[in-house]
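Report on the structure given below.
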Amino acid sequence: MAGSKRKSAPSSDFKRIKAKVGKKALKPLNDTDVSFKSASLHLGQSIQRDGEYNKSENRQVLLSSRGKSLLDLLSQLSHPASNARSSSLKGMLDIVRNHPPKAILPNLSALIPACVHSCVDEDQDVRSLGIDILSALLSKLEENTIQPFGALLIARVSSALHSLDASTRIDGVKMAKLVSTSCPCLTSVFVNQLLPPFSSLLADQRTNKAIDEILQSLISLLRVTTTKRHSHPPFHPLVGGNNTAASRNSYQEPDLIYVPNSSGSRNSILSTGRPLNVERRNVNYVKRKKSDSFGSGIKNKTNLISKLRDSLVETINLEYEPIISTNKSTTIDPQGGINHARVNLLLRSIRHLHQNFVTYRTEKLDDDDIEFVKVTKQTASVLMDSFPINQDSLSIANVSARNNKLARSVEDVNAAIAITILEVSYVPYRSDEEQENPSQVPNDTNTKKWLKIICSYVTPRLKFLGEASNSTSSSSSSDLDITCKILRQHGKECGSLRDLNVMLGILQEIFCQADDIQLARSTAGRRISLVVMDLIEDTNFHLGNDSILPISNVLTQFVMTMPFYLDAWAGDFLYESQRILEGLHKLVREVEQNWDSTVLECLRSNLFRFTMDRVNLSSSIFEMYPWHMQKICLGLMVLLRNPCDQTLKNLASICTRLALNHETCVKTEALVEAIIQAVQSIRKTVPMQRYLTFLVQSIGISSHVKELVRVEGIAVESNLDSSSKNLFDRAFFTPDPVLNIVARIFVQSGSMQVLRMIYPQLSSWQQTRVKEGKSSMEFLVKTRSSHIILAHFFLVHTKQKKEVGNQSSIFDTMHGVMSIDELTDSICRFINYIVRNKEAMQVSSKLISPIVAIMSSEACVLNSVISKITDWFQAAGLSKTDQNNILLIFIDWINDPRLKEALSGDTSSCRMVLEQIRIVTRRDELQDNEIVLNLVSLLSTRK
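Residue numbers (our numbering): 66 to 1008.
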């Protein structure tokens, strides 16, 4: 049928889906989709940690220059990729370098474990960065802050030194040098753990390229044990009196202990003595005991010195060794291939190792010790066979050759060899057999023979030491080193007196003949002086002993030159000056019975050098010295006795300058008293007139007057209202401490005989005249000074009268030298100037205090003074202000407890004094005066 359409079949309720090959099976129609989506905010791990880390107020978030925090960097150290670890360490290094120690200190428990762990990493770059961080940390922090991590730090260093990888062992050498240099006291406790690997390092061909660095690290380790052993604090200019420096020389157990992987946190620092709950992790803390740094492991040291000996022989005998220069080009040493720098390092290592042995062995030698000594003797013998090296290529007489750099290097090596031979050949302790039969010890003969050979090498070079002060000198420091060493070795009775006498004779011609200040101040002059003083001390200061007669005259000449050297050094070389002063002090004490000795007379006559004023300076050498050296100088003067007039005059000037110094009053008074007491202790060896003159000059009245007038002139020019008051408060009473000291010494020096001898001087002070229109300060200072000294004598006389029961007046004992009228006149003149000065009246009690002491001792003086002052009211000329000031002084006297007995009214003289004051108060012009009313009220309480 046309146009018809085919109808589609109706759809069924359930459609069956056919499975097809290669197509995924469809899910059932009744399957429910349970998946869902949600929005979330993710925080970075570093941000979360920073939030927890910053909860503590004491911590500061440490960020690198790229903005990464320290904890984020620490988390990357466990990354398996070495580049990631290196990047993290670079950030940590940036943090350590750019943050102050105060910010780093709270983070040490995380920094140091991560740092030292990186130092033993398998990657070379990681290890280098770890060492750089450790170096930056140690340079910023004090040693005591590192001590809690000492065990961990040393364990990592030891691990690196024992590594099978050669490069890791070399990095361990760097760590050992770094730790021993920065933390010497901490390292000294663990030296026995760090030294054994060095024997294999020297013998290993893989580490031979770094032998110089190995030797430097070894020397640094060996030096810390000697530093720990000799930690006494003598003064040296290079070592200051700082408490921090002192703490570095004395090791103490840390009060904090680092415990890795503790139960509290990943890293903990706990106080010692606190119970540690770490049994679950099998970490036990055992308190470390202090052990002898050299007492154990002597076999390892013997092995080490054997390796050093072998390396030394190999280096000296090496011919035409290729040497890599700094520009990486191969060169050949023209001197037979000997590496002089390496030889010096080897020799220093041997000397330090032997010095440790000598220092720590204080008992008899056992078998291991004998083996060590045997190896050192063999080392000395090997060195002696090659000494001196390259001698034919160097002429002593050729100065230009000696100035050559290579020639100086050869000289330094020869000097180092000689010094090493001298040191290792001397062992102060012997075995039992050697102590029983010392004559059968063959080493003593060898030592003397070696010493004689070295003397023949040194003697021609002594003449160059005198050129040490010349800029074109051909002398090297090695000549001075070996000279000092061989002289000290002779002092140990290891050589002959003949050789020593020859050497000392040459040195005497150089250092004792001419007064060359530049030579005395040179390094050679200072060191030779110390060595000579050591030689004198080795003789027990018995310069007159027949056993040392050949060198006695030479040593005596050196002693007589010492004052010039001390004068030349002044206050610039305090360490050397103290050593010489102490030596002279001991020498004089040993020979003090022979006062006519030439040496003592020379020292006594040159003692003024320490006390005289320096050119262009206002102080002496004595004043430049610190307190402990000043006491040594005074002690030397006391031992020498009978100082010359110039010395006493200079000491008096020093006392005056010290009194005028307003900065350190307490120290000044102590030093002045020490000087005066030192002179007083030897007063029996000094004529009485010279002694009393010294005491009077030490007051320095004229200097005080000049200073007071100068200050007064400045105050007048300033036109300040309080200037005069400040003048009395600060300047006028400056001489009081010295005056009281001198007055006490005067009283202790004798009885009234001393007062009779010094009274003419006191009287001249009291008779000082004041010119019209001029200042009265000179009169006030001098008169009051005389009153202070007289007051001490009056008080002592009163005390003696009460003890003995004698009623005689002090004027009777003076036999007319001092009269009541003369003393009364000076007192009244003094008071007259006081009452006319407004500013003086403000401190009138202190000004008139010596007068009160005098009047309390002698009632006749009180009566005479009151009578004369009351007469002033009868005469015209007193202003109302002056009258009021006099009445105020009367009130002070009545209230003064020292005059309580004199003004009690019990005796007729007391009643007469009170009556004279009452008459003054009844004058018509003084009525209705408040001051008079107060005075009348006080008088009413008296009888």
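Cβ atoms here follow ideal geometry from the backbone N, Cα and C, with glycine treated the same way. All values reported here derive from a predicted model rather than from experimental measurement.
Which residue wins for smallest C-alpha separation from residue i, given the options the options?
i, options, result
"Met240", "Leu229, Val222 and Asp230", "Val222"
"Leu267", "Pro213, Leu377 and Cys250", "Leu377"
"Gly215", "Ser247, Glu187 and Gln872", "Ser247"
"Lys442", "Ser474, Thr510 and Lys470", "Thr510"
"Leu410", "Asp450, Asp801 and Ile279", "Ile279"
"Gln212", "Arg988, Lys517, Val244 and Leu418", "Val244"
"Glu843", "Asp96, Lys911 and Lys771", "Lys771"
"Arg722", "Val882, Gln281 and Gly765", "Gly765"
"Ser579", "Arg553, Leu608, Thr986 and Gly531", "Checking the sequence, you will find Ala at residue 579 rather than Ser. Of the listed residues, the one whose Cα sits closest to Ala579 is Gly531."
"Ser763", "Ala724, Lys732 and Val776", "Ala724"
"Asp678", "Arg706, Leu652, Gly648 and Leu716", "Leu716"
"Ala924", "Thr548, Asn257, Gly648 and Ile875", "Ile875"
"Cys893", "Asn871, Thr878 and Ile931", "Ile931"
"Asp434", "Asn365, Gly636 and Arg374", "Asn365"
Given a cut-off of 9 Å, decide if residue j and residue i are closer than it, judged by their beta-carbon atoms.
i, j, result
"Phe255", "Ile219", "yes"
"Ser851", "Trp830", "yes"
"Ile370", "Ile415", "yes"
"Ile896", "Ile951", "yes"
"Val185", "Thr252", "no"
"Leu173", "Ser153", "no"
"Leu1015", "Val846", "Beyond the ends of the chain as shown, which are 66 and 1008, falls residue 1015; an answer cannot be given."
"Val440", "Thr367", "yes"
"Asn421", "Leu226", "no"
"Met920", "Leu964", "yes"
"Ile484", "Ala445", "no"
"Ile196", "Met157", "no"
"Ile177", "Leu217", "yes"
"Ile719", "Ile806", "no"
"His650", "Ile697", "yes"
"Leu545", "Ile593", "yes"
"Leu142", "Ser200", "no"
Please state whether DSSP places residue i in a helix, a strand or coil.
i, result
"Glu990", "helix"
"Gly338", "A caution first: Gly338 carries a pLDDT of 44, below 50, which makes its placement in the model unreliable, though a value can still be read off. Reduced to three states, the DSSP call for Gly338 is coil."
"Glu117", "Residue placement at Glu117 cannot be trusted, given a pLDDT of 49 that sits under 50; the coordinates are not used to answer."
"Asp190", "helix"
"Asp678", "strand"
"Leu723", "helix"
"Pro319", "Bear in mind that the predicted position of Pro319 carries a pLDDT of just 43, short of 50, making it unreliable; the figure below should be weighed with that in mind. Coil."
"Leu260", "coil"
"Ser594", "helix"
"Ser685", "strand"
"Leu430", "coil"
"Ser587", "coil"
"Thr1006", "coil"
"Leu128", "strand"
"Ser840", "coil"
"Ser103", "coil"
"Ser356", "Because the pLDDT of Ser356 is 44, which lies under 50, any placement of that residue in the model is unreliable, and the number read from its coordinates should be weighed accordingly. Three-state DSSP puts Ser356 in coil, outside helix and strand."
"Ser969", "coil"
"Ile996", "helix"
"Ser134", "strand"
"Gly700", "helix"
"Cys549", "helix"
"Ala84", "coil"
Whole-angstrom Cβ separation of residue i and residue j, contact assumed at under 8 Å?
i, j, result
"Thr676", "Ser685", "5 Å"
"Leu565", "Phe576", "Incorrect: roughly 16 Å between the Cβ atoms, too far for contact."
"Ser909", "Asp957", "7 Å"
"Val523", "Thr548", "6 Å"
"Asn707", "Thr750", "4 Å"
"Asp811", "Ile854", "One point to set straight first is that residue 811 is Phe, not Asp, in the sequence displayed. 6 Å between Cβ atoms; contact."
For the ligand FMN, is there any heavy atom lying closer than 8 Å to the beta carbon of residue i?
i, result
"Gln939", "No copy of the ligand FMN appears in this structure; indeed no ligand is present at all."
Whole runs of the alpha helix (DSSP H) within the stretch 942–966, excluding any shorter than 4 residues:
Runs of the alpha helix (DSSP H) inside the stretch 942–966: 945–960.
In the stretch 868–941, which residue ranges form an unbroken alpha helix (DSSP H) of at least 4 residues, counting only runs that do not cross its ends?
You should have 875–878, 885–900, 903–906, 909–922 and 924–939.
Counting only runs that start and end within the stretch 196–237, where is the alpha helix (DSSP H) found for 4 or more residues in a row?
DSSP runs (the alpha helix (DSSP H)) wholly in the stretch 196–237: 208–211 and 215–226.
Run through the stretch 745–779 for me and flag every whole alpha helix (DSSP H) of 4 or more residues, listed as ranges in chain order.
753–764, all fully within the stretch 745–779.
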